[in-house]
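Engineer:
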Amino acid sequence: MGPARVRRNQDADWDAWPVADYLAENYRRLHPCDTEVIHHHAAVYRDCAPGSLARTLELGAGPNLYPLMLAGAASRRIDALEPSAANLRYLRRQLDEGPDASWQPFYTLCRSLDPALPESGAEALRPVRVVPGGIDDLVPGTYDLASMNFVAESVTEDSAEFTLFCDAFVRAVRPGGRLLAAFMERMPSYRIGTGPVWPAFPVDEAALRSVFGPRTTGLRIARVAKDPTLPEYGDTGILLLTAGRPDGPPTRPPTGPPTPAGAPAPQG
Ligand SMILES: C[S@@+](CC[C@H](N)C(=O)[O-])C[C@H]1O[C@@H](n2cnc3c(N)ncnc32)[C@H](O)[C@@H]1O
Numbered sequence: 550m551g552p553a554r555v556r557r558n559q560d561a562d563w564d565a566w567p568v569a570d571y572l573a574e575n576y577r578r579l580h581p582c583d584t585e586v587i588h589h590h591a592a593v594y595r596d597c598a599p600g601s602l603a604r605t606l607e608l609g610a611g612p613n614l615y616p617l618m619l620a621g622a623a624s625r626r627i628d629a630l631e632p633s634a635a636n637l638r639y640l641r642r643q644l645d646e647g648p649d650a651s652w653q654p655f656y657t658l659c660r661s662l663d664p665a666l667p668e669s670g671a672e673a674l675r676p677v678r679v680v681p682g683g684i685d686d687l688v689p690g691t692y693d694l695a696s697m698n699f700v701a702e703s704v705t706e707d708s709a710e711f712t713l714f715c716d717a718f719v720r721a722v723r724p725g726g727r728l729l730a731a732f733m734e735r736m737p738s739y740r741i742g743t744g745p746v747w748p749a750f751p752v753d754e755a756a757l758r759s760v761f762g763p764r765t766t767g768l769r770i771a772r773v774a775k776d777p778t779l780p781e782y783g784d785t786g787i788l789l790l791t792a793g794r795p796d797g798p799p800t801r802p803p804t805g806p807p808t809p810a811g812a813p814a815p816q817g
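Just so we're aligned: 620 in the working numbering is position 71 of the sequence shown, and the numbers increase by one with no gaps anywhere.
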C-alpha cells in the first residue's frame, strides 16, 4: 500500500460542516481557551478607535460569533466570508433572529474588555455582512484588518496550500493593514462528533514564523496551553498571531512551504 494521499481543501465537503456538533463541542459554553483568545483579540480591537476601520474580514467565519462580535465596535463593515452552505445558514439565522443565548457569556466577556462595544451582541453584529465564498474570492488590498480563526491549518493537509491560504490572508489587507489570527497547534486531521475526518496541517510556532515572517511586519505569536475541557483533537494548544502588512514591497522573498510540525526539517 502506498502512502496516504494528501487531502486538499477541495477534497472535503464543506457544505456538510456539522454545525450543531461543532458548536456543542466548542462554543456552547465559554472554555478557558476562549477566554484567552478573546483577551488577545480584544486588545487588538481596543487599540482601534471606534468606527475607525472601514472594512474588515473574518475569513472562514464558520458558526463562531465571538470574533465577529469583537470587531463590532471598531469596524464599520465586517465581511464574514464562508463557503459552507451549513455555516452560511447558521450565520444568517443568527443575524436575522439574534444570537443564540449560549453566545451571551462570550459577549459579556468581549464587552468587559472593550467598553466601546454596544450593549447587546445583536447590536455588535450589525456591521456583519455574510459573504458566500472562500479564499479564492479575496481581492488583494480590500481590508483594513483581516481576522482568521482556526482556518488555514484546519482546511487542508497540503503544506503548499496552507502557505497559499496564509499568503492570500495577508494580501487581503491593504499595505499597512492589520492581521489577527488563531491556529490550533500541531493538530493532525480531526473529527467532529462521529462525523468524517477533516483535513488539517499541523503547525507550530516555527512554521508560522517561516510563513508569516517574510510577508509581514511586527509579527507576534503567543501560545495558549492545551485546553483539557475541549474534545481531544490531537492538538497541543493554540497559537495566536498579530502582524501588519508591510507598507512597501516585502524586504525578503517568501520562503518555500513549511514542514508539518513534528516532521524533520528539510536539509540543505
Ligand atoms: C475549523 S472551522 C473554523 C470556523 C471558525 N472560524 C471558528 O473560529 O470556529 C474551518 C472553517 O473554514 C472554512 N473553509 C473551508 N474551506 C475554506 C476556503 N477555501 N476558504 C475559506 N474558508 C474555508 C470552513 O467552512 C469552516 O467554516
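Positions of the beta carbon are idealized from the N, C-alpha and C atoms, including for glycine. Note that the coordinates shown come from a computational prediction; the quantities given were computed from them, not determined experimentally.
Taking 7 Å as the cut-off, is the CB of Val-704 close to at least one heavy atom of ligand 1?
Structural biologist: yes
Engineer: Rounded to whole angstroms, what is the Cα-Cα separation between Leu-674 and Ala-553?
Structural biologist: The alpha-carbon atoms of Leu-674 and Ala-553 are separated by roughly 42 Å.
Engineer: Starting from the Cα of Ile-741, find the closest Cα among Pro-648, Glu-781, Phe-655 and give me that residue.
Structural biologist: If we check each option's Cα against that of Ile-741, Glu-781 comes out closest.
Engineer: Could you check the C-alpha separation between Gly-817 and Ala-623 for me, to the nearest Å?
Structural biologist: Annotation note: pLDDT 29 at Gly-817 (below 50); position unreliable, coordinate value reported separately. Gly-817 and Ala-623: Cα-Cα distance of roughly 46 Å.
Engineer: Can we count Val-700 as close to ligand 1, meaning its CB is less than 7 Å from some heavy atom?
Structural biologist: yes
Engineer: Please classify Glu-631 as buried or exposed, where buried requires at least 16 neighbouring CB atoms within 10 angstroms.
Structural biologist: buried
Engineer: With a threshold of 16 other CB atoms inside 10 Å of the CB of Glu-710, please say whether the residue is buried or exposed.
Structural biologist: buried
Engineer: Just the C-alpha distance for Ser-708 and Val-677, rounded to the nearest angstrom, thanks.
Structural biologist: Across the structure, Ser-708 and Val-677 are spaced so that their CA atoms are roughly 31 Å apart.
Engineer: What I want to know is whether the C-beta of Ser-738 ends up closer than 7 Å to one or more non-hydrogen atoms of ligand 1.
Structural biologist: no
Engineer: Evaluate Thr-791 with the Cβ neighbour count: other Cβ atoms within 10 Å of its Cβ, from every protein chain shown; 16 or more gives buried, anything less gives exposed.
Structural biologist: buried
Engineer: Are the beta-carbon atoms of Pro-807 and Val-760 separated by less than 8 Å?
Structural biologist: yes
Engineer: To the nearest angstrom, report how far apart Asp-560 and Glu-706 are at their CA atoms.
Structural biologist: 10 Å
Engineer: Just reading off the beta strand (DSSP E) that Asp-693 is part of, what are its end residues?
Structural biologist: 692 to 698
Engineer: Could you check what DSSP says for Val-719 in three-state terms: helix, strand or coil?
Structural biologist: helix
Engineer: If we ignore side chains and look at the alpha-carbon of each, how far apart do Asp-685 and Leu-579 end up?
Structural biologist: Here the C-alpha atom of Asp-685 lies approximately 32 Å from the C-alpha atom of Leu-579.
Engineer: Given the structure, does Gly-780 come close to ligand 1, in the sense that its CB is under 7 Å from one of the ligand's heavy atoms?
Structural biologist: The identity of residue 780 in the sequence shown is Pro, whereas the question assumes Gly. No; taking the cut-off as 7 Å, the Cβ of Pro-780 has no heavy atom of ligand 1 nearer than that.
Engineer: Relative to ligand 1, is the shortest distance from any of its heavy atoms to the C-beta of Glu-631 smaller than 7 Å?
Structural biologist: yes
Engineer: Is any heavy atom of ligand 1 found at a distance shorter than 7 Å from the C-beta of Gly-609?
Structural biologist: For ligand 1, at least one heavy atom lies less than 7 Å from the Cβ of Gly-609.
Engineer: Drop a sphere of 10 angstroms on the beta-carbon of Pro-777, count the other beta-carbons inside from all chains shown, and report buried for 16 or more, exposed for fewer.
Structural biologist: exposed
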